[in-house]
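2 protein chains.
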Amino acid sequence: MNKVFKALADPTRRKVLELLRQRAMTAGELSEHFEVSKPTMSAHFAVLREADLVDASKQGTTITYRLKLSVLEDALLGFSQAFGFGAAASADKTDTPGKGTQP
Amino acid sequence: MNKVFKALADPTRRKVLELLRQRAMTAGELSEHFEVSKPTMSAHFAVLREADLVDASKQGTTITYRLKLSVLEDALLGFSQAFGFGAAASADKTDTPGKGTQP
DNA sequence: ACCTTGTTTCGATGGTTAGCTAAATAACGA
DNA sequence: TCGTTATTTAGCTAACCATCGAAACAAGGT
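These protein sequence lines are chains A and B, in that order. With numbering that gives the first Met the number 0, letter number 58 in the first sequence gets 57, and the count goes up by one each step, no holes. With numbering that gives the first Met the number 0, letter number 83 in the second sequence gets 82, and the count goes up by one each step, no holes.
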């Protein structure tokens with residue numbers, strides 16, 4: 000959970016998550032949205048993977064990244080709740096059927 | 000708003016905010032909850048001040064820190080909303096009547 | 001087999017951050 | 001004015017992080 004906040008601390012990574020929120024994208028596709036080198040992007044992806052915020056699935060030569068809403072939800076909402084501002088959890092996890100921070 | 004997330008990336012600072020949520024506390028009082036030196040705590044306070052997450056008021060020799068809920072709320076809820084999970088904003092900002100990320 | 005494209009690893013570099021000790025500042029009481 | 005207490009500033013070190021260019025590693029298409 001600390002890793003989630005660490006991951007969120009970087010604007011680039013936050014933007015990646017926002018892009019991923021709309022639809023799953025490949026690493027290369029995501030990279031086009033930023034003016035940093037591929038290796039740098041790769042490093043950002045690694046951080047997001049480490050924080051379990053995204054799910055990477057390789058098909059052929061490309062790797063598709065997918066947002067794991069449930070994890071982001073848990074961290075953000077959990078924290079929000081600790082501060083009183085309710086947080087009406089209602090993420091429609093249509094593509095995370097298993098739910099929950101998987102072990 | 001980036002500063003808020005940067006500030007939130009550190010566990011010590013998050014804990015400070017949680018402590019401050021219950022009641023305003025002096026710098027020394029807060030320091031007692033952690034096993035780091037006073038100067039280190041002071042640096043953390045500076046980061047929180049920079050992010051506008053806390054309000055410092057000096058009375059005599061002591062400085063009382065107070066959580067600025069509205070700023071935390073804006074950042075967290077704003078971000079949450081961008082991801083769909085609603086976020087029912089309802090922080091009782093009894094001591095921040097002005098509200099909103101002050102200009 | 002041989003390119004081509006997408007992605008990651010390697011090694012280096014500059015900037016940022018958390019932590020420390022020791023010293024400075026500020027306000028109060030005697 | 002002289003201590004005492006609370007907090008911050010100064011100066012430092014060590015660790016970390018973002019970034020890069022270049023090279024290595026797939027997987028497919030030709």
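We put the CB at the ideal spot given by N, CA and C, even for glycine. Nothing here was measured: the structure is a model prediction, and the numbers come from that model.
Which word fits residue i, buried or exposed, when buried means at least 16 other C-beta atoms lie within 10 angstroms of its C-beta?
{"i": "A90/A", "result": "Any reading at A90/A is ruled out, since the residue's pLDDT is 44, under 50, leaving its predicted position unreliable."}
{"i": "V35/A", "result": "exposed"}
{"i": "E49/A", "result": "exposed"}
{"i": "H43/B", "result": "buried"}
{"i": "E31/A", "result": "exposed"}
{"i": "A81/B", "result": "exposed"}
How far does the beta strand (DSSP E) with residue i in it reach, from first residue to last?
{"i": "D54/B", "result": "V53 to Q58"}
{"i": "R65/A", "result": "T61 to L66"}
Comparing C-alpha positions only, which one of the options sits nearest to residue i?
{"i": "D54/A", "options": "V46/A, M0/A, A42/A and K67/A", "result": "K67/A"}
{"i": "T25/A", "options": "T61/A, H43/A and F78/A", "result": "T61/A"}
{"i": "R20/B", "options": "F78/B, S69/B, Q80/B and F82/B", "result": "S69/B"}
Keeping to the same chain, check which residues put their C-beta closer than 6 Å to that of residue i; ignore five residues upstream and five downstream.
{"i": "S56/B", "result": "T63"}
{"i": "R65/A", "result": "A23 and D54"}
{"i": "D51/B", "result": "V70"}
Please go through the same chain and pick out, in chain order, the residues whose beta-carbon is closer than 7 Å to the beta-carbon of residue i, but skip the five residues on each side of it.
{"i": "V46/B", "result": "A6 and R12"}
Within the present structure, is the beta-carbon of residue i separated from the nearest heavy atom of the ligand FMN by less than 7 Å?
{"i": "I62/A", "result": "This structure lacks the ligand FMN, and indeed carries no ligand of any kind."}
Can you tell me where the alpha helix (DSSP H) holding residue i begins and where it ends?
{"i": "S36/B", "result": "Here S36/B belongs to no alpha helix (DSSP H), and DSSP marks it neither H nor E."}
{"i": "A26/A", "result": "A26 to S30"}
Can you find the residues in the same chain that come closer than 8 Å, C-beta to C-beta, to residue i, ignoring five residues on each side of it along the sequence?
{"i": "T39/B", "result": "none"}
Discussion item. Taking beta-carbon pairs under 8 Å, can you tell me which members of the stretch 14-31 of chain B lie near chain A?
Written reply: Under the 8 Å Cβ criterion, the stretch 14-31 of chain B contributes L16, E17 and R20.
Discussion item. Residues of the stretch 60-79 of chain A in Cβ contact with chain B at a cutoff of 9 Å, in chain order, please.
Written reply: Within the stretch 60-79 of chain A, the qualifying residues are L66, L68, L71, E72, L75, L76, F78 and S79.
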